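In the UniProt record's numbering, the protein residues as written are 1 to 265.
For glycine and all other residues, C-beta sits at the position ideal for the given N, C-alpha and C.
Since this is a predicted model, take the numbers as computed values, not measurements.
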Ligand SMILES: Nc1ncnc2c1ncn2[C@@H]1O[C@H](COP(=O)(O)OP(=O)(O)OP(=O)(O)O)[C@@H](O)[C@H]1O
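Below you can see the structure in the form of structure tokens.
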């Protein structure tokens, strides 16, 4: 087994305001290894985004510990090696007056500074990521004129321009059509082959069990963490238990595949 990139130990999290406390995560233990493609699945409100935000240091830990590359996040330089695409990245782009090239290059701001000029190697890397995501023909277009799927690719390119070792994606295929979802997963496969660790939050269980190496099912607690084969071999009762609410498997063709899941209630 390769070394651990993220170690999440006994992590709990509550949103607190004056009137109420909402528990988002309870006692989560999860280790993610270098080069793995891990999908985090769970129903709405199950704590997926909260867990990603804690891992990325966007939210402050309340209970437990998260180690990145064996170190506390503050002592680690690893955060520079993480590319993140948030759930709402594409919707922020509406009405934003910038071209695709400008948005993707902005991914280098942390490395190059806000006002420094980009280098020749930055433009070479820009060419590479635009080609990888098949958006090189859009480079001079205003981002606000793109479709949802194209915009999502632009934000993935922006996360990739730094050559991250880890890519963290929060529901990246939301609002994208089937054809574009397929080519999006092809990109992830290429990145995985190149050694990138991928952490993907999604509702798309059918696609995920084909693509990811491991599946983690979250619903406040971590109900299951195992290989995609172990996940695939769960029976309906187990699946409902690990997913955290009653589910019915919908089989396709002759193969028993949990391509889709539906509420029983
Ligand atoms: N800013 C906030 N203030 C209060 N409660 C919040 C806040 N953000 C999230 N929550 C609550 O925390 C819980 C977990 O939310 P979270 O966004 O992590 O879930 P999720 O699994 O990512 O959901 P979805 O699939 O709908 O994106 C939910 O009950 C949610 O209502």
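| Item | Value |
| --- | --- |
| Length of the line joining the Cα atoms of residue 256 and residue 53 | At residue 256 the pLDDT is 42, less than 50, meaning the model places this residue with poor confidence; the figure from the coordinates comes in the next sentence. Approximately 35 Å between the Cα atoms of the pair. |
| First and last residue of the uninterrupted beta strand (DSSP E) at residue 18 | Neither: residue 18 is in no beta strand (DSSP E) and is coded neither H nor E. |
| Cut-off 7 Å between Cβ atoms - residues of its own chain near residue 192, not counting five sequence neighbours on either side | 37, 198 |
| Ligand 1 heavy atom lying under 6 Å from the CB of residue 44 | yes |
| Buried versus exposed call for residue 49 [16 or more other C-beta atoms within 10 Å across all chains shown] | buried |
| Pair within 7 Å by beta-carbon distance, residue 26 and residue 46 | no |
| Ligand 1 heavy atom lying under 6 Å from the CB of residue 185 | no |
| Three-state class that DSSP yields for residue 171 in the structure shown | coil |
| Residue 49 CB to nearest heavy atom of ligand 1 below 6 Å | yes |
| Which listed residue (223, 221, 222, 233) has its alpha carbon closest to that of residue 210 | 233 |
| Residue 227, enclosing beta strand (DSSP E) - first and last residue | 221–227 |
| Pair within 7 Å by beta-carbon distance, residue 30 and residue 212 | no |
| Alpha-carbon spacing of residue 142 relative to residue 40, whole angstroms | 33 Å |
| Reduced DSSP secondary structure (H/G/I, E/B, other) of residue 314 | For the chain, the structure presents residues 1 to 265; residue 314 sits outside this window and is missing. |
| Continuous beta strand (DSSP E) stretch holding residue 37: start and end | 37–41 |
| Distance cut-off 6 Å: residue 24 Cβ against heavy atoms of ligand 1 | yes |
| 8 Å contact criterion, which residue 173 and residue 181 should meet: CB distance rounded | 5 Å |
| Cα-Cα separation between residue 230 and residue 2, rounded to whole angstroms | 20 Å |
| Straight-line gap, residue 146 to residue 169 (C-alpha atoms, nearest Å) | 20 Å |
| Where residue 118 falls: helix, strand or coil (DSSP) | coil |
| Nearest residue (CA-CA) to residue 71, options 208, 120, 7, 241 | 7 |
| Bridge partners - residue 6, DSSP secondary structure assignment | 32, 68 |
| Alpha-carbon spacing of residue 32 relative to residue 102, whole angstroms | 33 Å |
| Strand pairing of residue 24, partner residues [DSSP] | DSSP output for residue 24 lists no bridge partner at all. |
| Under the three-state DSSP convention, the category residue 82 falls into | strand |
| 8 Å contact criterion, which residue 153 and residue 135 should meet: CB distance rounded | 5 Å |
| Residue 15: CB within 6 Å of a non-hydrogen atom of ligand 1 | yes |
| Exposure label - residue 264; buried when at least 16 CB within 10 Å | Residue placement at residue 264 cannot be trusted, given a pLDDT of 44 that sits under 50; what the coordinates show is reported in the next sentence. By the neighbour-count rule (16 or more Cβ atoms within 10 Å), residue 264 is not buried but exposed. |
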